[in-house]
Amino acid sequence: VMVTHSPAHAEWAKRIVHLFDGRIVSENLLEAV
Numbered sequence: 017v018m019v020t021h022s023p024a025h026a027e028w029a030k031r032i033v034h035l036f037d038g039r040i041v042s043e044n045l046l047e048a049v
């Protein structure tokens, strides 16, 4: 688990979950390059 405010660091993840006020507002699964 990694928590970051940096989009550049988030690109290292396979899955990105965006939260707002403690709730999930979007979830992205990234494809391998």
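According to this note's numbering, the sequence shown is numbered sequentially starting from 17.
All residues carry an ideal CB built from backbone N, CA and C; glycine is no exception.
{"Check": "Taking just the CA atoms, how far does V41 sit from L35?", "Outcome": "6 angstroms"}
{"Check": "To the nearest angstrom, how far is it from the Cα of H21 to the Cα of L46?", "Outcome": "18 angstroms"}
{"Check": "To which residues does DSSP link V33 through a beta bridge?", "Outcome": "E43"}
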